[in-house]
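The block underneath contains the structure these notes are about, expressed in structure tokens.
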Amino acid sequence: MPLVVRNESAIPKTSRICGTGPPSEHLLNAHSTFHQEGRMAREAPELVARKTNVAQEIIVDTYIHVVTTSDQAWQYNSKKLAGLVANQSDVLNTAYSSFNITFRTQPYTYTIHDSWATDLDDKAMKTALRQGNYSALNIYFQTNLSTPSPAGTMASTLLGYCTLPTNVTYTPASCPPQNRTDSGQCQKIPLATSTYINDGCNVLAATMPNNGLDSYQQGKTAVHEVGHWFGLLHTFMGESCDPSDPGDFVDDTAQESASTDGCPPLEGYTKDSCPDSPGTDPVHNFMDYSNDECYTDFTDDQKLRMVNMWNLYRSGN
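Below, the structure written as structure tokens:
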């Protein structure tokens with residue numbers, strides 16, 4: 001019996017939904033360390049041992065996979081596919097280019113598979129399609145990306161989700177003796193096969209440039225999700241105005257206790273969910289939940305964090 005799916009265009013959307021999971025303790029500790037080092041560097045740069053080259057060029061081999069259901073395959077001829085992939089690559093490179101991050105797009109794949117397009121068998125899909133090593137970005141654009149609602153009565157469609165980086169080496173302080181070389185260096189722990197296979201971003205195909213999803217068809221959902229792939233957290237992380245709450249561990253994103261819906265400036269108002277904290281909500285930041293028209297930037301500290309996270313987790317792995 002064929003799998004029955006609903007056409008994505010029939011599912012109304014009024015706000016961005018990102019399904020990226022919570023950060024691991026290791027990632028939170030890394031954020032905290034980089035956060036403190038950033039503050040120390042501003043206050044007493046001569047005391048900071050870690051030197052980060054903020055002008056470092058990062059080149060990411062990028063594999064784009066388009067996965068559709070059989071009843072929507074007619075919409076994706078070779079000419080349209082090539083255009084979608086090229087335009088999406090341009091959007092990614094434009095968003096990150098000022099930070100010397102380049103996405104080197106490899107030949108794309110196109111798959112017709114009802115359950116994969118609906119995210120019902122993610123492991124099988126990624127086992128078959130994933131390419132490159134842990135420093136290679138794989139993005140799966142699925143026409144019917146969805147997840148069951150808590151009640152299990154209908155599918156509520158996501159815009160995307162992505163894996164946050166995970167530790168693939170011991171830090172010097174936690175390296176057990178059996179993993180040290182004769183010279184005292186810590187050997188890398190082999191990356192678990194499941195971690196490698198699962199790594200990447202799942203994004204609703206309709207969010208690709210000019211592919212049909214109102215307010216979210218400029219390709220910027222992928223920009224948001226790739227921010228997670230580099231280790232960035234949501235700007236409203238913690239959903240608190242408490243000054244002691246580190247939020248996203250980035251000082252130049254204003255504290256924010258609630259995600260943004262739509263684009264407040266275009267709707268005639270200023271969003272300030274933490275009025276007693278400096279600045280207004282970072283509604284133009286790619287790591288908020290604003291719509292594509294509102295998304296314009298990352299901050300300088302987010303750039304520095306992406307470089308640090310790349311060097312810690314992905315570079316050379």
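Residue numbers (the UniProt record's numbering): 1 to 317.
For each residue, glycine too, the CB sits at the ideal point set by N, CA and C.
Rounded to the nearest angstrom, how far is the Cβ of Leu232 from that of Gln302, given a contact under 8 Å? Residue 232 sits at position 232 when you count from the first residue of the sequence shown. Residue 302 sits at position 302 when you count from the first residue of the sequence shown. Yes, Leu232 and Gln302 are in contact; Cβ-Cβ is about 6 Å, under 8 Å.
Grab me the residues of Ala95's own chain with a C-beta within less than 6 Å of its C-beta, minus the 5 sequence neighbours each way, in chain order. Numbered from its first residue, the sequence shown carries residue 95 at position 95. Counting only Cβ-Cβ distances below 6 Å, and skipping sequence neighbours, we find Val223.
Rounded to the nearest angstrom, what separates Asn285 and His113 at their Cα positions? One-based indexing of the sequence shown puts residue 285 at position 285. One-based indexing of the sequence shown puts residue 113 at position 113. If you take the alpha carbons of Asn285 and His113, they lie about 34 Å apart.
Check this for me: beta carbons of residue 338 and Asp292, under 8 Å apart or not? The shown model of the chain, from 1 to 317, leaves out residue 338, and the question about it has no answer.
Between the region 20-40 and the region 231-249, do three or more beta carbon pairs fall short of 8 Å? yes
Cα-Cα, which of Gly132, Thr235, Asn144 is closest to Asp121? Looking up residue 121 in the sequence shown gives position 121. Per the Cα distances, Asn144.
At the level of alpha carbons, what is the spacing between Val48 and Ala30? Taking the first residue of the sequence shown as position 1, residue 48 is located at position 48. Taking the first residue of the sequence shown as position 1, residue 30 is located at position 30. Any answer about Val48 is weak, because its pLDDT of 48 lies below 50 and its placement is not dependable; what the coordinates show is given next. One C-alpha to the other measures close to 16 Å.
Do the region 75-83 and the region 123-141 make contact, defined as three or more Cβ pairs closer than 8 Å? no
Secondary structure of Gly160, DSSP reduced to three states: Residue numbering aside, residue 160 sits at position 160 when the sequence shown is read from its first letter. Correct three-state label for Gly160: strand.
Just to confirm my understanding: we take Ala117, look at its own chain, exclude 5 residues before and 5 after, and list those with CB closer than 6 Å. What are they? The residue you call residue 117 lines up with position 117 of the sequence shown. Cβ neighbours of Ala117 beyond the five flanking positions: Val67, Thr68, Thr69, Gln142, Thr143, Asn144.
Checking the sheet assignment: what are the DSSP bridge partners for Leu299? Here residue 299 is taken as the residue at index 299 of the sequence shown, counted from 1. The sequence given here has Thr at residue 299, not Leu. Note: Thr299 sits in no beta bridge, so no partner.
Given Gly262, which residues of its chain have a CB within under 6 Å of its CB, disregarding the five upstream and five downstream residues? For the purposes of this step, residue 262 is taken as residue 262 along the sequence shown, with counting starting at 1. Asn291, listed in sequence order.
Just grab the DSSP bridge partners of Gln142 for me. The residue given as residue 142 occupies position 142 in the sequence shown. Gln142 pairs with Val67, Leu204.
Return the first residue and the last residue of the alpha helix (DSSP H) that Ile17 is part of. As a working mapping, residue 17 is identified with position 17 in the sequence shown. Element bounds for Ile17: n/a, residue is neither H nor E.
At the level of alpha carbons, what is the spacing between Asn7 and Ser244? For the purposes of this step, residue 7 is identified with residue 7 of the sequence shown, where counting begins at 1. For the purposes of this step, residue 244 is identified with residue 244 of the sequence shown, where counting begins at 1. Low confidence applies to Asn7: its pLDDT is 32, below 50, so where it sits in the model is not reliable, and the reading given next is rough at best. Rounded to whole angstroms, Asn7 to Ser244 spans 45 Å at the Cα level.
Looking at the structure shown, is Arg305 part of a helix, part of a strand, or coil, going by DSSP? Residue 305 sits at position 305 when you count from the first residue of the sequence shown. Looking at Arg305 - three-state DSSP - the assignment turns out to be helix.
Hey, is Gly227's beta-carbon within less than 8 Å of any beta-carbon in chain E? The displayed structure is made up of one protein chain only, and chain E is not part of it.
Could you tell me the distance, in whole angstroms, from the CA atom of Met287 to the CA atom of Met237? For the purposes of this step, residue 287 is identified with residue 287 of the sequence shown, where counting begins at 1. For the purposes of this step, residue 237 is identified with residue 237 of the sequence shown, where counting begins at 1. If I take the Cα positions, the gap works out to 10 Å.
Helix, strand or coil for Arg130? Go by DSSP, reduced to three states. The residue labelled residue 130 in the question sits at position 130 within the sequence shown. Looking at Arg130 - three-state DSSP - the assignment turns out to be coil, as it is neither helix nor strand.
Exposed unless 16 or more other CB atoms sit within 10 angstroms - verdict on residue 363: This structure does not reach residue 363, given that the chain is present from 1 up to 317, and the question cannot be answered.
Thinking C-alpha only, which one of Gly200, Asn211, Ile58 is nearest Gln88? Along the sequence shown, one-based indexing puts residue 88 at 88. Taking only the C-alpha atoms, the option nearest Gln88 is Asn211.
Can you look up Val91 in the DSSP assignment and give me helix, strand or coil? As a working note, residue 91 is residue 91 in the sequence shown. Helix at Val91.
DSSP state of Ala44 mapped onto helix, strand, coil: For the purposes of this step, residue 44 is taken as the residue at position 44 of the sequence shown. Note that Ala44 scores a pLDDT of 47, beneath 50, so its modelled location is shaky; the value from the coordinates is reported in the next line. Coil, per DSSP.
Taking all protein chains shown into account, decide if Tyr269 is buried (16 or more other Cβ within 10 angstroms of its Cβ) or exposed. Position 269 of the sequence shown, counted from the first residue, corresponds to residue 269. By the neighbour-count rule (16 or more Cβ atoms within 10 Å), Tyr269 is not buried but exposed.
How is Phe249 classed by DSSP in three states: helix, strand or coil? Translated into the one-based positions of the sequence shown, residue 249 becomes position 249. Of the three classes helix, strand and coil, the one that applies to Phe249 here is coil, per DSSP.
Please tell me whether Cys18 and Tyr140 are closer than 8 Å, where the distance is taken between their beta carbons. Residue mapping note: residue 18 aligns to position 18 of the sequence shown, counting from 1. Residue mapping note: residue 140 aligns to position 140 of the sequence shown, counting from 1. Not closer than 8 Å, so no.
Determine whether the beta carbon atoms of Asn198 and Asp119 lie at a separation below 8 Å. For the purposes of this step, residue 198 is identified with residue 198 of the sequence shown, where counting begins at 1. For the purposes of this step, residue 119 is identified with residue 119 of the sequence shown, where counting begins at 1. Against a cut-off of 8 Å, the Cβ pair of Asp119 and Asn198 comes out as no contact.
Classify Thr171 as helix, strand or coil using the three-state DSSP reduction. Locating residue 171 in the sequence shown gives position 171, counting from the first residue. Unreliable placement is indicated for Thr171, whose pLDDT of 49 sits below 50; the coordinate value is still reported in the next sentence. Note: Thr171 maps to coil in three-state DSSP.
Asn308 to Asp71 span [Cα, whole Å]: Indexing the sequence shown from 1 puts residue 308 at position 308. Indexing the sequence shown from 1 puts residue 71 at position 71. Their Cα atoms are separated by approximately 44 Å.
Beta-carbon within less than 7 Å of Gln255's beta-carbon, same chain only, minus the 5 sequence neighbours each way: which residues are those? For the purposes of this step, residue 255 is taken as the residue at position 255 of the sequence shown. Hits under 7 Å: Cys241, Gly247, Cys274, Ser277.
Assigned secondary structure, Asp122 (DSSP; H/G/I helix, E/B strand, else coil): Position 122 of the sequence shown holds residue 122. Three-state result, Asp122: helix.
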